[in-house]
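Residue numbers (this note's numbering), protein chains in the order written: chain L, 21 to 354; chain Z, 21 to 354; chain S, 21 to 354; chain F, 21 to 354.
In this text, a Cβ means the ideal position worked out from N, Cα and C, and glycines have one as well.
Being a predicted model, the structure only gives us computed values, none of them experimental.
Everything below concerns the one structure shown next.
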């Protein structure tokens, strides 16, 4: 039974905490959130204690591992302290918005050898997993083109946009990770185009809401990503991999399998209302993967370096967007 | 170049005549129709002659084969005369509504050895052909259940209903033929249920417009057919075969491959407006099969006996509908 | 918090007990099973007590409701005792294999006014629910034809076949319930055809494994059911409703949404390995419906009369299979 | 009846000539091809005359319109002469590989007012047409992202690669045209990435076989194109348009609608073996559009300027590929 200290009791922290409580191999020992009320309510419902500070959790011998789901600007510092306290970490992305701090934390984590699992939970989506198995197992031969799509459903509030780091570091980062995970390659160069087509206020906040990118992989394979912050037809996430011997698709996932034929049309049930409904099962599987790695004493995957990697692509994408030219991806590794 | 005499210049006669004219291996030599105007117009457009009687065509040495597409009540007599004149025949179904006459014509045709091809053109639909190949090639193991669906799009006029012989002999007969052709078995017993749910006038004319049947095949396999004279969503024809090792479906055929996602739904293009639009390509392929059999000197298929067979099932179905009990299928063969 | 006494800790009893434990509105108070070991293990894992007899549970004031998931031959007696003890019941189907006893128990239950919920959990499948809403909401106009398919995946052991009451009372009964629930009509007449095509041993045990039925509904609508005890491609359950204004389908449900295109084919992920994997989410929703009815003090649905109704159709189907003629459905109601 | 002179009796010239002959509104008057044998055979089969030179056709009063389907390097000169002879032209793409000559011919054609129809036949594909109608009719709101995919099936011979002008001017040009036709916008900037991943010999010939492009449209909308010269699963052509209110797709078109379920998979019939089989019906519809424009005296569409437009994008794409930076599209118009 792995006992978790939970840092952050917002939306995603609550999702994780409930999964930890529901999993036969883990439980929530204590919870800290800057909003005391949030941690109290969550702790009460899960039979956990409320901590008055992150340090109370990090120094607690009854805590085997910590979950970091606090606001982005606190990730790096909490990671650093957890590593110092030698507590294994399940950390929500991103590591930090400042690449200097990212590199420094990754460096510490790797040198300390404390297990850090990055919450790229999409890797645990059943459809995406099957696609990757097909690609890596040779079902489509040599990979030549990869497409990743992520759209909607509604733009985040401008207050969130301002602190999110922008579309690439907030939304696309998951797909930078997936692209590397599926292809087994780190992109060498990125070209990005984007604009605030959905909401001018996003543009005024210095961000974009609609974008397309082309990534060049070392093997010569090309990767395309498109994303929008808004989709009028539910949350749409798809992946397509094309290779020398075929194509495999992780197709759109409909909410139900019902078809109505009337007049000239066949009407199917559409997509999930939001990214969470679409991806919900992957969070529990993601936790399982972290528990597996702890129980077996193997390196967690996605790792801290995977977090670094995805952010390096995001930085290059941002630079490309600013300069309107292809940008090489930083290849620094600890 | 096989020269055809065409008997009947109505809707389906015109379809056949145009296909004969467009086929590099055949042409229309002459045309007869009780409505002189119809034959004149058609003949003019195809560069063919107009005959003043069927016998002018049947005795014409420039005619190599005849196509019978006149009204149902004339089929038997024209078949008989064509057989006597030793002209190979492409004959629209059914042979006749009276089973005595059917047996007698089939007997004559078989004894004379004149090639007669029954116009069960659905056998030449690309989807149905692929399904049959899968079934007969063992892809689903031993056949255990078979489903055939035929719906719509709109009921024929009551005047047609009165002379059509009823839904089983007019609409379902194609699917009695397909069931035998796919399974390679002749049904031994039929149970039929049906009613005039679409239009009471059809009921008053002594017919039904909605029906379901269960056929028992000698191997023990079961076959289900459903049909309606009206479908609010276009013409819907499907076949499904279930066997010990799998299932194969000849699925619905959409007019286009366009998908519109808006709000909670995905809207696809629907089915063809009518049975003809759905099945049009199978008429030209059907003609090709007839020409092949003539050129190679092999027995045509579907044959006159196939026409008999399908009608024997239809008769049993009618009897079952009247008596509300399962009825054995007549097994008489010439 | 509704406290359950669980009678029967076999496969399905365990499924229900775990759902009761996981539901925030209910918990398992005590468990009884003839196999003491089974109840001990289950009770331990759920923090419940082990009862030494059904009566210990039925007379326990700490038990608010009982779940009957014991062997079929004990259902009627346990129902009777639970009704006498005025404990609301969630009862697995069927009520009993003997129709006299069924009628007698239903009569007692209805007169006593004790809530009894019949475990027709397929009613809570999201796809089937949406189909029914479409039908009842008028999306397809007047219902004219209904198809229900249930296949596989593997035949039960012969020992189970012998006590199951046969394919109609064991497998098809769910679909007799669905047909009435979707159409809002009670079938008036049934014709059944069937055989042991999958396994001769099933035939020797007096049962069938492959069957087709036609049900006539009072409105004139026709209903077809087909079922097989074995499917080589996973568990296949589908419903199709055809009406005057369109068609709605509860389509097959694939395990994943992955598509591999190679050579001449597109290969999709197939169906679930078994009926349980396909229908698992409907059990928790079924429990929710029972809890709702208890909390709101409304009659449970599916009800004891629904259980009677489905069995009356099954009896007529059996009689039809024996006599090879259509059989009227008994209409007795308490 | 519009009488055509056909210039070029190769593969695509033959396709067009047969469509002209089969169309009730047109016929082939005469044919010229540098390979005399080709024109003789084709002329004989269509009952047309053989011309000894292009000029014999262009000066023939019995010729109402000309079809240019000769080799690419002759298009510009034949166009110029046909314009001078005031014969309406149906011209295969591209106009020429040299942009100076393209501009000069377009200029002449526009000033002369002779109708020139560019053979962008994909515009007449039923699926693509329906997608465009949806986009232009407002079904998806304001267009924000557009994807066009074209893959395979097999690379052309190196001899063809050498004279083709390269992947962008030979294959992608159709999709540059479609992008403008669907969006109603001319791209302002192009970024292209590509490599010879399929066949090194294509790279040695100075061309690429796999590429991705991002086009920026004046409205801010982004357009992505991907193409490969080889596809292991048949010819794959798709379009997807995403807008503020939804998404519309011109999906892949399967050869048949047959589905085989066995074991863990559902196997569908795949795509067409080649682009021609996929697009064949659009050639006849393309001819109809040309005939319509002539009969009604309206400007043909796609026009000579559309031909120019698509090539301007191709030139920018080539320049982008060479320089690895985004390149502005030339906006010269006659």
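Helix, strand or coil at residue i [DSSP, three-state]
i, result
"residue 241(F)", "coil"
"residue 184(F)", "helix"
"residue 267(F)", "strand"
"residue 199(S)", "helix"
"residue 22(L)", "strand"
"residue 227(L)", "coil"
"residue 210(S)", "strand"
"residue 235(S)", "strand"
"residue 321(F)", "coil"
"residue 328(L)", "helix"
"residue 47(F)", "strand"
"residue 273(S)", "coil"
"residue 351(S)", "coil"
"residue 40(L)", "helix"
"residue 122(F)", "helix"
"residue 115(S)", "coil"
"residue 219(Z)", "coil"
Same chain, Cβ closer than 6 angstroms to residue i, neighbours up to 5 away in sequence not counted
i, result
"residue 332(S)", "349, 350"
"residue 294(F)", "173, 255"
Limits of the beta strand (DSSP E) - the one that residue i falls within
i, result
"residue 258(S)", "256-263"
"residue 171(F)", "163-171"
"residue 289(S)", "285-289"
"residue 282(Z)", "278-282"
Proximity below 8 angstroms, CB of residue i to CB of residue j
i, j, result
"residue 337(Z)", "residue 183(Z)", "no"
"residue 186(F)", "residue 219(F)", "no"
"residue 164(S)", "residue 58(S)", "no"
"residue 31(S)", "residue 49(S)", "no"
"residue 314(S)", "residue 22(S)", "yes"
"residue 78(Z)", "residue 107(Z)", "yes"
"residue 74(F)", "residue 151(F)", "no"
"residue 288(F)", "residue 272(F)", "no"
"residue 234(Z)", "residue 232(S)", "yes"
"residue 327(S)", "residue 115(S)", "yes"
"residue 189(L)", "residue 334(L)", "yes"
"residue 109(S)", "residue 125(S)", "no"
"residue 62(F)", "residue 29(F)", "yes"
Same chain, Cβ closer than 7 angstroms to residue i, neighbours up to 5 away in sequence not counted
i, result
"residue 253(F)", "290, 291"
"residue 168(L)", "195, 198, 199, 245, 259"
"residue 346(Z)", "209, 210, 211, 340"
"residue 142(Z)", "148, 194, 198, 299, 302"
"residue 68(S)", "48, 49, 50, 51"
"residue 39(F)", "303, 304, 307"
Endpoints, the alpha helix (DSSP H) within which residue i is located
i, result
"residue 20(S)", "This structure leaves residue 20(S) out entirely; chain S is present only between 21 and 354."
"residue 103(Z)", "92-104"
Other residues of its chain near residue i: CB distance less than 8 angstroms, five sequence neighbours each side excluded
i, result
"residue 191(L)", "170, 247, 249"
"residue 56(S)", "70"
"residue 80(S)", "25, 49, 50, 71"
Can you list, in chain order, the residues of the stretch 133-165 of chain L whose Cβ is nearer than 8 angstroms to any Cβ on chain S?
Taking 8 angstroms as the Cβ-Cβ cut-off against chain S, the residues of the stretch 133-165 of chain L that qualify are 146, 147, 150, 151, 154, 159, 160.
Chain L contacts from the stretch 281-311 of chain S (Cβ-Cβ distance under 8 angstroms):
Answer in chain order: 281, 282, 283, 289.
Positions along the stretch 264-276 of chain L whose CB lies within less than 9 angstroms of some CB in chain S
Residues of the stretch 264-276 of chain L whose Cβ lies closer than 9 angstroms to any Cβ of chain S, in chain order: 265, 266, 267, 268, 269, 270, 271, 272, 273, 274, 275, 276.
Residues of the stretch 25-50 of chain L with a CB closer than 7 angstroms to any CB of chain S: list them in chain order, please.
Correct list: empty, as no residue qualifies.
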